[in-house]
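One structure is given below, encoded as structure tokens.
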Amino acid sequence: MTDFSNHKSGYIAIVGKPNAGKSTLMNKILGTKLSITTHKAQTTRHQIIGIHSEDDSQIIFLDTPGIINPKYELQKAMMRFVEKAEKDADLILFIVETGEKKIPDYAFDSLTKLQKPVLLVINKIDSSTENETKQLAASLNEQFNFNATLFVSALEGTGIDQLLKAIKEPLPFGPPFYPKDELSEHPVRFFASELIREQVYLQYHEELPYSTTVEVIQFEERDDLDYINAEVIVNRNSQKGMIIGKGGRAIKQLGMAARESIEAFTGRKVFLDLHVKVREKWRERENMVKNFGYR
Ligand SMILES: Nc1nc2c(ncn2[C@@H]2O[C@H](COP(=O)(O)OP(=O)(O)OP(=O)(O)O)[C@@H](O)[C@H]2O)c(=O)[nH]1
Ligand SMILES: [Mg+2]
37 MTDFSNHKSG YIAIVGKPNA GKSTLMNKIL GTKLSITTHK AQTTRHQIIG IHSEDDSQII
97 FLDTPGIINP KYELQKAMMR FVEKAEKDAD LILFIVETGE KKIPDYAFDS LTKLQKPVLL
157 VINKIDSSTE NETKQLAASL NEQFNFNATL FVSALEGTGI DQLLKAIKEP LPFGPPFYPK
217 DELSEHPVRF FASELIREQV YLQYHEELPY STTVEVIQFE ERDDLDYINA EVIVNRNSQK
277 GMIIGKGGRA IKQLGMAARE SIEAFTGRKV FLDLHVKVRE KWRERENMVK NFGYR
């Protein structure tokens, strides 16, 4: 039997405001694009599990939606994912981007109650001066009692080794929870729906990305390719035409880009069949939000 007496393992929640670079950071550490990332806020809507294994440790990251004051049911479900990740974690990474002006006090409410170690991670140091970064760190340390402060650029990979060292330090000794070669535990069809949603964020504007969800109806592994039938679901009738675009050009573009990114993820050829559906006010309705997988 393998001896795990010197092995450390634990759960790490990655939390912070939208757009701070939480998903980019997790992807950088894992060395693969697991969690979707865009320049738009509120890209991540679930808790995404990413597993980083070394010989002597296994760190299970929980990437989460950005902390906001929720206005509708979908956003409430998103904030429940944040709470759950914080509750399940052995250690919490609180990510703040350089240039941040103010973190609202409510972002720290649950952390104060939980009494777990919290590391402050200042991200995007590539786009700020050292002075500004240090000032930000100082003022945040006045606002909340962090156990340590780390400085990284998730995009460029700066500071990642020091961060991993700081994460491993307080982790409990114990055997790995997952096989060492496992990267995540979501099914491929989940990643497919996320990659389609990522393209919705990249291609459409204003309210449209925030009104849309994606459901994979059918995922069939055939000999020569994966056949995927997916629905792009919008919140209002008037949004259907916007997704489709003049002469179907927009949805064709969406389908092509999404197919390419799913192929890059699976390493297999994909046939992607996309349809648009209207589910009036789905994001305001608790049942629909749950049925679309946000639970
Ligand atoms: N310059 C710079 N940009 C970064 C860095 N890390 C992330 N970004 C960019 O910041 C934007 C947001 O990144 P995400 O990883 O999606 O941020 P997030 O915190 O997961 O956002 P939500 O899921 O919306 O909460 C993207 O355009 C990233 O490319 C960094 O270290 N430097
Ligand atoms: Mg994210």
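Residue numbers (the working numbering): 37 to 331.
For every residue, glycine included, the Cβ atom is placed at its ideal position computed from N, Cα and C.
Please read all numbers here as calculations on a predicted model, not as lab measurements.
Practice task
Let me know the secondary structure DSSP gives Leu155 once reduced to three states.
Solution key: Locating residue 155 in the sequence shown gives position 119, where the first residue counts as 1. DSSP places Leu155 in strand when its eight states are reduced to three.
Problem - Near ligand 2: Lys282 beta-carbon under 8 Å from a heavy atom - result: Reading the sequence shown from its first residue, position 246 is the one you call residue 282. Because no heavy atom of ligand 2 lies under 8 Å away, the Cβ of Lys282 does not count as near it: no.
Exercise for the section: Would you kindly work out how many angstroms separate the C-alpha atoms of Ile279 and Thr38, rounded to a whole number? Expected result: For the purposes of this step, residue 279 is identified with residue 243 of the sequence shown, where counting begins at 1. For the purposes of this step, residue 38 is identified with residue 2 of the sequence shown, where counting begins at 1. Roughly 53 Å separates the two Cα atoms.
Handout entry: Counterpart residues of Pro204 in DSSP-defined beta bridges
Key = For the purposes of this step, residue 204 is taken as residue 168 along the sequence shown, with counting starting at 1. The sequence given here has Lys at residue 204, not Pro. Note: Lys204 sits in no beta bridge, so no partner.
Handout entry: Backbone secondary structure at Gln78 - three-state DSSP
Key = Looking up residue 78 in the sequence shown gives position 42. The three-state reading of DSSP puts Gln78 in coil, since its state is none of H, G, I, E or B.
Exercise for the section: May I have a chain-ordered list of the alpha helix (DSSP H) segments no shorter than 4 residues that lie completely inside the region 51-120? Expected result: Along the region 51-120, the alpha helix (DSSP H) occurs as fully enclosed runs of 4 or more residues at 58-66, listed in sequence order.
Handout entry: Beta bridge counterpart(s) of Tyr47 as assigned by DSSP
Key = By one-based count along the sequence shown, residue 47 stands at place 11. Beta-bridge pairing links Tyr47 to Ile96.
Problem - Residues that DSSP places opposite Ile280 in a beta bridge - result: Taking the sequence shown and counting its residues from 1, one reaches residue 280 at position 244. DSSP, once it has assigned bridges, lists no residue as partnering Ile280.
Handout entry: Selection from Leu98, Lys53, Glu299 and Lys317 that minimises the alpha carbon distance to His222
Key = If you number the sequence shown from 1, residue 222 lands on position 186. Considering only alpha carbons, the answer is Leu98.
Exercise for the section: Could you check what DSSP says for Leu172 in three-state terms: helix, strand or coil? Expected result: Taking the first residue of the sequence shown as 1, we reach residue 172 at position 136. In the structure shown, Leu172 adopts helical secondary structure according to DSSP, grouped into three states.
Handout entry: Nearest-angstrom Cβ-Cβ length linking Ile253 and Asn271, presumed shorter than 8 Å
Key = Against the sequence shown, residue 253 aligns to sequence position 217. Against the sequence shown, residue 271 aligns to sequence position 235. Rounded to the nearest angstrom, the Cβ distance from Ile253 to Asn271 is 19 Å, too far for a contact under 8 Å.
Problem - Sequence-distant residues of the same chain with beta carbon closer than 6 Å to Lys313, five excluded per side - result: Position 277 of the sequence shown holds residue 313. Hits under 6 Å: Glu267 and Ile269.
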